[in-house]
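Taken in sequence, the protein lines are chains R and S.
Positions 1 to 233 (our numbering) are the ones given, in order, by the first sequence.
Positions 1 to 233 (our numbering) are the ones given, in order, by the second sequence.
A short write-up of the structure that comes next.
Number of protein chains: 2
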Amino acid sequence: MKDCSQCVVRNSAICAALMADELEVLGQLGRKQRVSKGQTLVWEGDDSIIVANVISGILKVSMSISDGREQIVGVVFPADFIGRPFGQKSPYSVTALSDAELCIFSRSSFDAFARNHPALEHKLLQRTLEELDRAREWMLLLGKKTATERIATLLLEMSIRLGETGCSVEQNELNEFALPLDRQQMGDVLGLTIETVSRQLSRLKADGVIGLPDRRMVSIQDRRRLQDLSAAA
Amino acid sequence: MKDCSQCVVRNSAICAALMADELEVLGQLGRKQRVSKGQTLVWEGDDSIIVANVISGILKVSMSISDGREQIVGVVFPADFIGRPFGQKSPYSVTALSDAELCIFSRSSFDAFARNHPALEHKLLQRTLEELDRAREWMLLLGKKTATERIATLLLEMSIRLGETGCSVEQNELNEFALPLDRQQMGDVLGLTIETVSRQLSRLKADGVIGLPDRRMVSIQDRRRLQDLSAAA
DNA sequence: TGGATTTCTTGATCTGAATCAAGGACGATC
DNA sequence: GATCGTCCTTGATTCAGATCAAGAAATCCA
Chain R
1 MKDCSQCVVR NSAICAALMA DELEVLGQLG RKQRVSKGQT LVWEGDDSII
51 VANVISGILK VSMSISDGRE QIVGVVFPAD FIGRPFGQKS PYSVTALSDA
101 ELCIFSRSSF DAFARNHPAL EHKLLQRTLE ELDRAREWML LLGKKTATER
151 IATLLLEMSI RLGETGCSVE QNELNEFALP LDRQQMGDVL GLTIETVSRQ
201 LSRLKADGVI GLPDRRMVSI QDRRRLQDLS AAA
Chain S
1 MKDCSQCVVR NSAICAALMA DELEVLGQLG RKQRVSKGQT LVWEGDDSII
51 VANVISGILK VSMSISDGRE QIVGVVFPAD FIGRPFGQKS PYSVTALSDA
101 ELCIFSRSSF DAFARNHPAL EHKLLQRTLE ELDRAREWML LLGKKTATER
151 IATLLLEMSI RLGETGCSVE QNELNEFALP LDRQQMGDVL GLTIETVSRQ
201 LSRLKADGVI GLPDRRMVSI QDRRRLQDLS AAA
């Protein structure tokens, strides 16, 4: 890698744990790579060869059953970490939902570097704990929420996560944003079919809770109502 | 704590990362405590005050919606770690499903100790990554599997996790075991109602796939068939 | 510019699991 | 060993969301 110090996610990715000199060493291990929309970086069940930081773009983490049923188990944003460190196999696939830029490491070299840099491992631990919290929150959604509640929860979550800028501190909930997911993918995140997703969105629009300027764009018109509908704890 | 070196989970809990002298220091920070079945140690939304290692017994990790709907998002076994380190609030509750023995630490003192003991944090990271894998596996179950598939998956998972003895290496799948969950709790893990759980179990029994000697006991009579029914990847 | 393709919406119908409603079996207590 | 309370099973019915089936609206590209 040329120059990590100039990286846009330098202060928000796990690299923020490192001093300039350490960062340079890590930089030697990684390479910047562009991936295009639809490309799969890691395949479920394969050996865990690579891990990466996301510089730009959005990716999905998914698991599936042999007959083709697929569940999206995570959506990854810039500054997030992807891949399965410290494990032989990757239990899930990682696929780009948009064109994306990554900073890729071989898992083995990343593992070795991390083991010698406790501050980096600490950041990774914090991120993994947050990811686990999010996964469990989603288990509640998948196990117990109705279709309307699921859609409302997803829209609010997206408005928050898309609003977290690279500058980690600032975070503003967006009231208008482009969904990084198509209808099918929304269904795969929510455990619903594409038709149910479409119907629920139409109803929220008809009720004046949201606007749908075009296929991908959502505007939140009544956030309070959306929050009530989301059945938050 | 009196003597960690004699602890039954000394070599399988995260403490296995520590040398004898470090273990003694950690031991000073913790206290052994018995909790009885039904007792809740951590409440969803409260400040994260304590973390603990499980010495014996089984506990549940759960999240709920204000109207009372509850999802069990984790089942915790001996040698596992509970609580939310490095975070202000606990997003979930932890409740004993059986009488249990714990080795409890105040979160702040545990956090401080862990930050100075990278090997311990590394173990914790590994465990958290495994827990995340399990949570995602369960998201697939909750989002995409049928009632029969869910029950089959749970029975197989229980036969494996209950078969992991304290001596981390050895692990044998049990063909007869006592469920640590009642029917309602099975429903809360699987995103099903108690009636559906009961019906599915009755059907598996009628089909000769399992036996149900009494309320809590399960015997697996045709593991291959149960595996097929579980819709594993 | 105009078809072809993909993606999304809407309607009609079906179905798996939820809900409603009894009973039955077990364990505890006296 | 009768009585109570809890937990579990089974049956009848309902319903939310899946499935099946067209169309409509974007997007692609030739």
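For glycine and all other residues, C-beta sits at the position ideal for the given N, C-alpha and C.
Asked: Minimum Cβ-Cβ distance from R78/R to chain S less than 7 Å; Found: A quick correction: the sequence has Pro, not Arg, at residue 78/R. Chain S, which has no Cβ nearer than 7 Å to the Cβ of P78/R, makes this no.
Asked: Three-way DSSP call (helix, strand, coil) for V70/S in this model; Found: Rather than Val, the amino acid found at residue 70/S in this sequence is Glu. Reduced to three states, the DSSP call for E70/S is strand.
Asked: Residues near S108/S in its chain [Cβ-Cβ closer than 7 Å; skip 5 each side]; Found: none
Asked: Span separating the alpha-carbon of G74/S from that of V189/S; Found: 8 Å
Asked: Cα-Cα separation, R127/S to R203/R; Found: 42 Å
Asked: Residues of its chain near T95/R, where Cβ-Cβ distance is below 8 Å and the 5 sequence neighbours each way are ignored; Found: G38, Q39, T40, L41, L59, K60, S62
Asked: Cβ-based burial, D80/R [other Cβ within 10 Å; buried from 16]; Found: buried
Asked: is_contact[F81/S, chain R] using C-beta, thresh 7 Å; Found: no
Asked: Cβ pair R161/S, A135/R closer than 7 Å; Found: no
Asked: Whole-angstrom distance between R34/R and M19/R, CA atom to CA atom; Found: 26 Å
Asked: Cut-off 6 Å between Cβ atoms - residues of its own chain near P213/R, not counting five sequence neighbours on either side; Found: none
Asked: Members of the region 190-203 of chain R near chain S, C-beta cut-off 7 Å; Found: G191
Asked: C-beta atoms of K144/S and R69/R nearer than 7 Å; Found: yes
Asked: Within-7 Å CB hit, V94/S to chain R; Found: no
Asked: Partner residues on chain R for E131/S, Cβ-Cβ distance less than 8 Å; Found: L132
Asked: Within chain R, partners of T128/S - CB distance below 7 Å; Found: L125, T128, L129, L132
Asked: Boundaries (first-last residue) of the beta strand (DSSP E) holding E63/S; Found: According to the sequence provided, residue 63/S is Met. The question's Glu does not apply to it. Segment 59-64, the beta strand (DSSP E) holding M63/S.
Asked: Opening and closing residue of the beta strand (DSSP E) in which E101/R lies; Found: 100-106
Asked: contact_flag[the region 87-94 of chain S, the region 4-13 of chain S] where n(CB pairs < 8 Å) is 3 or more; Found: no
Asked: Min CB distance W43/S to chain R below 7 Å; Found: no
Asked: Chain R contact for K144/S (CB, 7 Å cutoff); Found: yes
Asked: Span of the alpha helix (DSSP H), counted from its first residue to its last, around R127/R; Found: 118-144
Asked: Counterpart residues of T95/S in DSSP-defined beta bridges; Found: T40/S, K60/S
Asked: Beta strand (DSSP E) runs wholly inside the region 155-200 of chain R, at least 3 long, in chain order; Found: 176-178
Asked: Pair within 7 Å by beta-carbon distance, N98/R and G57/R; Found: Here residue 98/R turns out to be Ser, not Asn, going by the sequence shown. Result yes, Cβ atoms of S98/R and G57/R sit closer than 7 Å.
Asked: Selection from N175/R, V76/R, F105/R that minimises the alpha carbon distance to L29/R; Found: F105/R
Asked: Cα-Cα separation, L125/R to E121/S; Found: 8 Å
Asked: Host alpha helix (DSSP H) of Q227/R (start-end); Found: 223-229
Asked: Anticipated Cβ contact below 8 Å, L201/R with A152/R, distance rounded; Found: Not quite, the Cβ-Cβ distance comes to about 10 Å (not below 8 Å), so this is no contact.
Asked: Reference E176/R, options D67/R, R215/R, L141/R, V8/R, closest by Cα; Found: R215/R
Asked: Partner residues on chain R for P180/S, Cβ-Cβ distance less than 8 Å; Found: Those do not exist, as P180/S stays about 19 Å from chain R at its closest Cβ, beyond 8 Å.
Asked: Chain R contacts made by the region 60-78 of chain S, where a contact means CB separation under 8 Å; Found: V61, M63, S64, I65, S66, D67, R69, E70, Q71, V73, G74
Asked: Nearest-angstrom Cβ-Cβ length linking S64/R and E44/R, presumed shorter than 8 Å; Found: 7 Å
Asked: For F77/R, the nearest candidate out of R183/R, R223/R, V9/R, D133/R (CA to CA); Found: V9/R
Asked: Exposure of R150/S, with buried meaning 16 or more beta-carbon neighbours within 10 Å; Found: buried
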